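Asker: First the structure, then my questions, so here it is.
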Amino acid sequence: MRAHRVALAACKKCPLMIGPVVSGSPVFSPILLIGQAPGDKEGGFGKPFAWTAGKTLFKWFERIGLDEESFRSRVYMAAVCRCFPGKNPKGGDRVPSTEEIGNCAGWLQAEIELLKPALILPVGKLAISQLMAVNKLNEVIGKLHKVTFHGHPAEAIPLPHPSGASTWHRTEPGIGLLESALSLLEAHPAWRQIRDAERQGPHSHAGASPPLS
Numbered sequence: 001m002r003a004h005r006v007a008l009a010a011c012k013k014c015p016l017m018i019g020p021v022v023s024g025s026p027v028f029s030p031i032l033l034i035g036q037a038p039g040d041k042e043g044g045f046g047k048p049f050a051w052t053a054g055k056t057l058f059k060w061f062e063r064i065g066l067d068e069e070s071f072r073s074r075v076y077m078a079a080v081c082r083c084f085p086g087k088n089p090k091g092g093d094r095v096p097s098t099e100e101i102g103n104c105a106g107w108l109q110a111e112i113e114l115l116k117p118a119l120i121l122p123v124g125k126l127a128i129s130q131l132m133a134v135n136k137l138n139e140v141i142g143k144l145h146k147v148t149f150h151g152h153p154a155e156a157i158p159l160p161h162p163s164g165a166s167t168w169h170r171t172e173p174g175i176g177l178l179e180s181a182l183s184l185l186e187a188h189p190a191w192r193q194i195r196d197a198e199r200q201g202p203h204s205h206a207g208a209s210p211p212l213s
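Following UniProt numbering, the numbering of the sequence shown begins with 1 at its first residue and continues without gaps.
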């Protein structure tokens, strides 16, 4: 894991991407969260989902038993792309290119091999589409999916992107489907494992090893 993180932090494969590389804590967890790509604020904070979308995301998780600090210390947070793609001239962040997604896929594959997660949480359509075919979010969110990702069999619970620019998770049927997804997550053995470990104390090693120093 240490060697992986050193190599990841030094990656400069994509000339249009804006560093630094952003990743969550190197915690050995049964759960892997996959975001889309950091925004323009995350690099300064040195962690994913550090701005407004993160506030919404962590409110979801807090409702089912883990606050932000606990989640970050118990779940490995990755992304389809680890650097800020830059702004789209028409507004919003630029969507990473197929080549950029391919360049970053090796890092995700290495993390799958290191962690062998029981549960994957893809957040947003770009992340979900790496694991399964997705036409409309309505068709995949609110369900538990069996997936094989980089050769590793796991279960996946897709989540909508918590962006303030998106109305999907704030209108029906998105509100109800998000509730279904969170209910599935709350009942999942991997979630119960890390939540129960957190309740036993912040230094409990059940469910996930502490981050590497």
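The C-beta atom is built at its ideal place from N, Cα and C for all residues, glycine as well. Remember, predicted model here, so these are calculated numbers, not experimental data.
Below 8 Å between beta carbons: does that hold for I18 and L121?
Answerer: Contact flag unset, no.
Asker: Nearest to A127 by CA position, among L108, V80, E113, is which residue?
Answerer: Looking at the Cα atoms, V80 is the closest of the given residues.
Asker: Do P153 and S29 have their C-beta atoms closer together than 8 Å?
Answerer: Not closer than 8 Å, so no.
Asker: Quick one, which of A190, P189, L178 has its alpha-carbon nearest R63's?
Answerer: The shortest C-alpha separation from R63 is found at L178.
Asker: According to DSSP, which residues form a beta bridge with F84?
Answerer: DSSP output for F84 lists I18 as bridge partner(s).
Asker: Here's a check: name, in chain order, each residue in its chain whose Cβ is nearer than 7 Å to the Cβ of K41, leaving out the five neighbours to either side.
Answerer: A50, W51.
Asker: Straight-line CA distance for S213 to Q200?
Answerer: Unreliable positioning characterises S213 in this predicted model, as indicated by a pLDDT of 43, which lies under 50. The coordinate reading is nonetheless provided below. Distance between the alpha carbons of S213 and Q200: 22 Å.
Asker: Assign P48 to buried or exposed, taking buried as 16 or more other Cβ atoms, counted over all protein chains shown, within 10 Å of its Cβ.
Answerer: Its Cβ being crowded by 16 or more others within 10 Å, P48 is buried.
Asker: In the DSSP assignment, find the unbroken beta strand (DSSP E) run with F149 in it and report its ends.
Answerer: Per DSSP, F149 belongs to the beta strand (DSSP E) from 145-149.
Asker: CB-CB under 6 Å to A53, same chain, minus the five flanking residues each way: which ones, in chain order?
Answerer: Here the set comprises P162, S163.
Asker: Taking DSSP as the reference, what is the three-state secondary structure of E155?
Answerer: Three-state result, E155: strand.
Asker: Under the DSSP definition of a beta bridge, which residues are partnered with A78?
Answerer: DSSP, once it has assigned bridges, lists I34 as partnering A78.
Asker: Give me the DSSP bridge partner(s) of I120.
Answerer: L32, A156.
Asker: Buried or exposed for residue 214, please, with buried defined as at least 16 other CB atoms from any protein chain shown within 10 angstroms of its CB.
Answerer: No statement about residue 214 is possible, as the shown extent of the chain runs from 1 to 213 and does not include it.
Asker: Alpha carbon to alpha carbon, how far is Q36 from G124?
Answerer: Distance between the alpha carbons of Q36 and G124: 7 Å.
Asker: Using a Cβ distance threshold of 8 Å, determine whether the region 19-26 contacts the region 130-139, with at least three qualifying pairs required.
Answerer: With the cut-off at 8 Å, the region 19-26 and the region 130-139 do not touch.
Asker: Helix or strand or just coil, what does DSSP make of residue 278?
Answerer: In the structure as shown, the chain starts at 1 and stops at 213, and residue 278 therefore has no counterpart that could be examined.
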